[in-house]
Each structure stands twice: as C-alpha cells, then as structure tokens.
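Residue numbers (the numbering used here), protein chains in the order written: chain A, 242 to 710; chain B, 185 to 410.
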C-alpha cells in the first residue's frame, strides 16, 4: 500500500507543493459537502413551502368551482368561472366538468396533465406531483369533485423556483471554488511556516559544510522544533569537536616532531663535518639520512602551516611587493643552479602586489618543485598582466595533468595518477595544497591547464590582484 | 680567544646536539637549562653571543632577553616556534637581534651568528667622526653621542645606524638593509628592520614618535637625515 502511494506520488512535487495540494483538496471536499447539503436542504424546504401554499390555494379554488359549477353553463365556466379563480402568476387551471375540458389557454389542456395523476384523480383520489411541463419544472395538483361530477386540476409553473435554486447552486459553487483556493493559499502559507525551520536547518548545514563550524540553530520554545534544533546543534558540536580534535592532533604531532628533528638535524650536521672520517658505506648512509632530514623538516613545516590554516590561525604579513623582482628572486633562490628563464614584459616591472613575502615565495618554490618532480623540470616561468590582476605562470614538459585530476592535484597528499605512474615515489605531499591555501588567502586563484603552445606539459597559473602598476 | 656562545634550551638532546655542531665551528659553547641558570652564567662570565629558546619553563626567553640587554649589547639570537606570530616581534622588542624557527639547521644558526658578529662597516676610511645635527657617530670606536651624551646601542643597532649613515639622505630598502646588516638575501624578514629602526629611534631621537634622524619613506624604506 505504502509502495503504491509512493508510486502514485509524483516525485517532482516538493513537500511544500504536496502540503498545499492537500490543504486545497481538503478545503474542496469540505466545501463540496457543505454546499451540496445546503443545496439539498434549501431545495427541499423551498419546494415544500411552495407546494403547501399551492395546495391550500388549489383547495380554495376547487371548492369555489364545486359551489358554482352546478348552475353554470359551459360558456360561463370558460369565461367567468375560470378567470374568477385565485390564480397567481404561473398557475393554470384545467377543469373537467360536464364531460368537457376547460382551460384558460390553448397550450395548457387535458394533455398537459401527467396521465398518472389523471388516473389517480379519475379513481376519486386527490393527488399532486412534480413534473416537467414544456421543459420547465412544474407542479400538478388534481382534486376530484364527485358531487359536481367534475375534476379540478391546477398546473403551477415552478421555473422561478428553479432559477432561484440555480442561482443558489451557482453561489455555492463559487463559494466552494473560493474556499478551495483559500485552502490552497492557507496550505502554501502554512507549509512555508512549517518548513521555515527546515530552511534554517539547511542554511546552517550549508554554513557548516562551508567551514563555519561554529554555526548553530537558534534555540526555540516550540517543543516540536526544539528537538530538531537541539539534536542538530548536538551533531554540529560533535562534528566541530571532532574536526578541531583532528586538527589539534595534527598540530600537536607536528609540534612534538620539531624537537627530535632539531636534534637529528644538529647530529647530522656534526656527522657531515666528519664525513671524511667515515667509510664509503657510512658516507652513503649519512647522505641518505641528511636528505631525509631535509625532507622531513619540510614536511613538518608544511604540516604545521596546514594545521594553522585548519585552525583559521593564519595571518598574512602583508607587504607591498614589486612582483617582477620578487618572482625573479624567488626563482633564483629555489632553482639551485639550474636556472629557469623568467619571461616578463617591461610594463610589468612596476606592478606591485600586496603579499606575504615568505608565503608567496613558498608558492613559487612549491610550483617549481612540483614541476621538477612531476613535469621533468620547469620550462618557463612567466609573468602576465591580465585584466584585473597579474598571473604567475609555471610550465613544465611532463605528461601534463588530465582534466579530471586538475582539481585533485590541489588536495592534500594528492598524487596525480600520472605522477603516481611515473613511480618517483615522492608525493607532492602538501606542496600544491599549500599553494592553493596561500593563493586563496591572498585573494587570488590558482589552476592548472594545458600548455598554451600545444606541447605536452602542465601549465600552473597563479592569479593575484594588483595593488598598483 | 675564541668566541663564547651561551645556549639556553630546556631539551637536553637538542642542547647537546647543537653544542656539538657549534663546537665544530670552533666556538666555545656554554649550556644553560633554565632562564635562571642562563642569567647566572651570563653574569658570572658574559659570552659573545646568546642563543635563547623563547619557550622556557620558569623565567621565559623574553625575560632572559630583557635581563641580558639591561647590562650588555651582546648579539642575541632567539629561537621561536613560529615565524608568523607576535612572538617574533615581542622577542625583537625584548632586545633580540635575530631569530630562528625550530627546527633550524645548525648551519643556518652559525651563519646568523657570524653575521651578527661582523664589525660595523666603515662608511669611509678617512672619516673618523660623522655629525647629523646633535648626533655624533664614531664608527671606529663604536660610539654614538647625542648632545655630547654617549648612547648605548647594541652592535646590530650600531651597524644599522652606520649603514644608514654611509649615504645620508639616500633611501635604503628593507631588503638592502637586511642584506647589509643581517646578511640575509631578498627573503629576509622585514620585521627585523622595522623593529630595529624602532629601537634605534627610542635611543637616538629626542622624540621617537616624531623622528628627525631616521625617517620612514613609505613603501620604499628608511633614510638618515642630518
């Protein structure tokens, strides 16, 4: 059954539309019942009144006929007796006396009387019935007058009553339509009221997903909604605590690693000073150790920086920086001898950006590092002025990065499938993730695309806002 | 006599390893585990360079820094946990000449120490005394007087002043000053210059808030005016 309902329920309709429709249908049902009851009662009532009024009048007319018919000629019956009867608008007398039929108009005569009524009256009983006369509702009353050997009939046009009932029905239909519409509007309004807390919840959930972990729902006095709000807030608090604990853990671990690293670095230094006293194998081992200590230091530094970002504790030390000079310096510092050409237009010499020198230098260094590890070395570093900023472009001649991995490479400890296949064993680790964080905090963007000249290779672009040029 | 270095560090392993590395540079290293020990050792026998870890139990590194500064112009290198905190500025304002963040390579430390122990550059061998208004600088003797009264500058402050004095009126960028005074390349921390200029002003300016000698040129650097 439930499944049937589920299948019947249109999937495209939202909760709000469904509530509205339910309200409208409810209002329709209610107003239909009310209207039809009202109509039926009113109709019966009005008909009764008309009938009893007609009956008493017909009896009066019948007794008039009964008294006067004995001494009246057929002509007098037609010209005097019938017109003297009490006849309101729409009442037509038909008299059967002296073996003849009398009526006031030619259209109404013995044939107008329903045969069953005639048969009833013929057998000596008075009767009445409603029927259709010339396509109009009508009441027929028949009274036998045995003492005068006559039968008196009266046909009463009920079409005025019908039009009253019609207009009543029309009004009731109108009322039902209005009620249904009002029900729909009420449903729409009520559903909005009802769903508002849900909208709040969805907004709060979005805010949390967007990183504002301290977002909470307002406490409410409504006992029904209070449960939702408090369980939502509990969930958010648990989530926040967990994320913060994870972040703190990463930060604590990195902090704890610094002291042993410090000792390691100093001890390796001491050994390196005595390198000549060591055997060949020991020297090789020392080289491995020294290399790993450097990598380890970088990793711990990156982890600490990342956990600062996670804790939202990064404050940029902003300086006005001449970007062209800065990038050339950064490239020469981080390329250890193997020089990479920096391409720039002369108009870029005066471009000044606001940046944290240390962090922006890391951006350049990490991009070059990435090109060395995964792109067979950086081919060019270029500076370009674009409409609302300046771009630092690093191109390499590696295999490039397939479209579907272009966002992933900026995630932590991501290794592109391409990079992984190359089996260098050195992950980018946090390098590109930090690039993304640094650039974002500087109000810029970073992305990777195909090389502009069509050669295979990746093209990393950092776009920064310009302070002045 | 060889250079004596006092290292203040509460982690014994780090202390030992750093001591060995510094001794390999030919320096004599004296160790202190706490701030109190350090101050006591320094009073007993002042060293040529002091290396202070800011995070010390008891008397913290800032306090050790200030106490040493009260009696001495010896170069002080402090070790901080992070480069981007207020710790760096606070340490420099407490009197440190330079800083390193943990974990650092001992080679960086010895490079820092060597840079701080360099003598002030003589602006011109022929010049023995330079005058800028009420200010009088005698590079050879390491003496600065204002209105005849001798001022106590640290070695680094004095070198900074001499550097600015070598071309009066010329604007020195922070990068240039970092390189000439501290031996850093382009990527040195500009706050070193800013805090030292501030410290220098409190000593040589009559009104440090409205300096007349060491002027800031917005967005460019600093210059010395007569």
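Every residue, glycine too, gets a C-beta built ideally from N, C-alpha and C.
Since the structure is predicted, the reported quantities are computational estimates derived from the model, not experimental observations.
Taking the Cα positions, residue 476 of chain A is about 24 Å away from residue 554 of chain A. Using a Cβ-Cβ cut-off of 8 Å, residue 516 of chain A does not count as an interface residue toward chain B, since no Cβ of chain B sits closer than that to its own. The three-state reading of DSSP puts residue 563 of chain A in strand, counting E and B together.
Distance from the Cα of residue 350 of chain B is smallest, within the candidate group B:339, B:338, B:337 and B:364, for B:364. Chain-order list of chain A residues neighbouring residue 371 of chain B: 570, 571, 574, 598, 599 and 602, by C-beta distance under 8 Å.
Within the stretch 268 to 289 of chain B, contact with chain A at the beta-carbon level (separation under 9 Å) is assigned to 268, 269, 285, 286, 287, 288 and 289.
At a C-beta separation below 9 Å, residue 377 of chain B has no neighbours in chain A, since its nearest C-beta there lies roughly 11 Å away. Only exposed fits residue 648 of chain A, as fewer than 16 other CB atoms lie within 10 angstroms of its CB.
Nearest neighbour of residue 295 of chain A by Cα position, chosen from A:253, A:325 and A:398, turns out to be A:398.
Sequence-ordered contacts of the stretch 508 to 533 of chain A with chain B read 508, 510, 511 and 514 [C-beta pairs closer than 7 Å]. One Cα belongs to residue 696 of chain A, the other to residue 638 of chain A, and the distance between them is close to 8 Å. As summarised for the stretch 466 to 551 of chain A, the continuous alpha helix (DSSP H) elements at least 4 residues long and confined to that stretch are 521 to 551, given in chain order. For residue 257 of chain B, the closest Cβ of chain A is not nearer than 8 Å. Take residue 301 of chain A, set aside five residues on each side of it, and the residues of its chain with a beta-carbon closer than 7 Å to its own are 327, in chain order.
Using a Cβ distance threshold of 8 Å, residue 421 of chain A and residue 265 of chain A count as a contacting pair. Residue A:261 holds the alpha-carbon nearest to the alpha-carbon of residue 433 of chain A among A:506, A:535 and A:261. The straight-line gap separating the alpha-carbon atoms of residue 687 of chain A and residue 401 of chain B is approximately 33 Å.
Residue 383 of chain A is bridged by DSSP to A:368 and A:394. Distance between residue 382 of chain B and residue 522 of chain A, taken at the CA atoms: about 53 Å. Identification of chain A residues near residue 403 of chain B by a Cβ-Cβ cut-off of 9 Å yields 561 and 593, ordered along the chain. Scanning the stretch 287 to 346 of chain B from its first residue to its last, the whole beta strand (DSSP E) runs of 3-plus residues come out as 314 to 316, 319 to 322, 327 to 330 and 333 to 335. With a 10 Å radius around the Cβ and a threshold of 16 neighbouring Cβ atoms, residue 608 of chain A comes out buried. Think of a sphere of 8 Å around the beta carbon of residue 195 of chain B: the chain A residues whose beta carbon falls inside it are 500, 503 and 504, in chain order.
Within 8 Å of the CB of residue 198 of chain B, the CB atoms of chain A belong to 500, 503, 504 and 507, in sequence order along the chain. Nearest neighbour of residue 354 of chain B by Cα position, chosen from B:345, B:409, B:386 and B:379, turns out to be B:409.
In this structure, the alpha-carbon of residue 242 of chain B lies about 8 Å from that of residue 220 of chain B. Rounded to the nearest whole angstrom, the C-alpha separation of residue 255 of chain B and residue 376 of chain B is 22 Å.
A distance below 6 Å between beta-carbons, with the five flanking residues on each side excluded, links residue 689 of chain A to the following residues of its chain, in chain order: 642, 647, 699 and 701.
In the DSSP assignment, residue 299 of chain A falls outside any beta strand (DSSP E) and lies within the alpha helix (DSSP H) extending over 256 to 309. In this structure, residue 630 of chain A lies away from residue 424 of chain A, with their beta-carbon atoms at least 8 Å apart. Secondary structure at residue 369 of chain B: coil, using DSSP grouped into helix, strand and coil. Taking C-beta separations shorter than 7 Å and ignoring five residues to either side along the sequence, the partners of residue 213 of chain B in its chain run 189, 191, 203, 206 and 207, following chain order. Contact between the stretch 270 to 289 of chain B and the stretch 313 to 322 of chain B is not established, with fewer than three Cβ pairs separated by less than 8 Å. Residue contact check for residue 538 of chain A against chain B: a CB pair falls below 8 Å. For residue 709 of chain A, the CB contacts under 6 Å within the same chain, skipping 5 residues up- and downstream, are 593 in chain order. Annotation: the continuous alpha helix (DSSP H) that includes residue 272 of chain B extends over 270 to 277.
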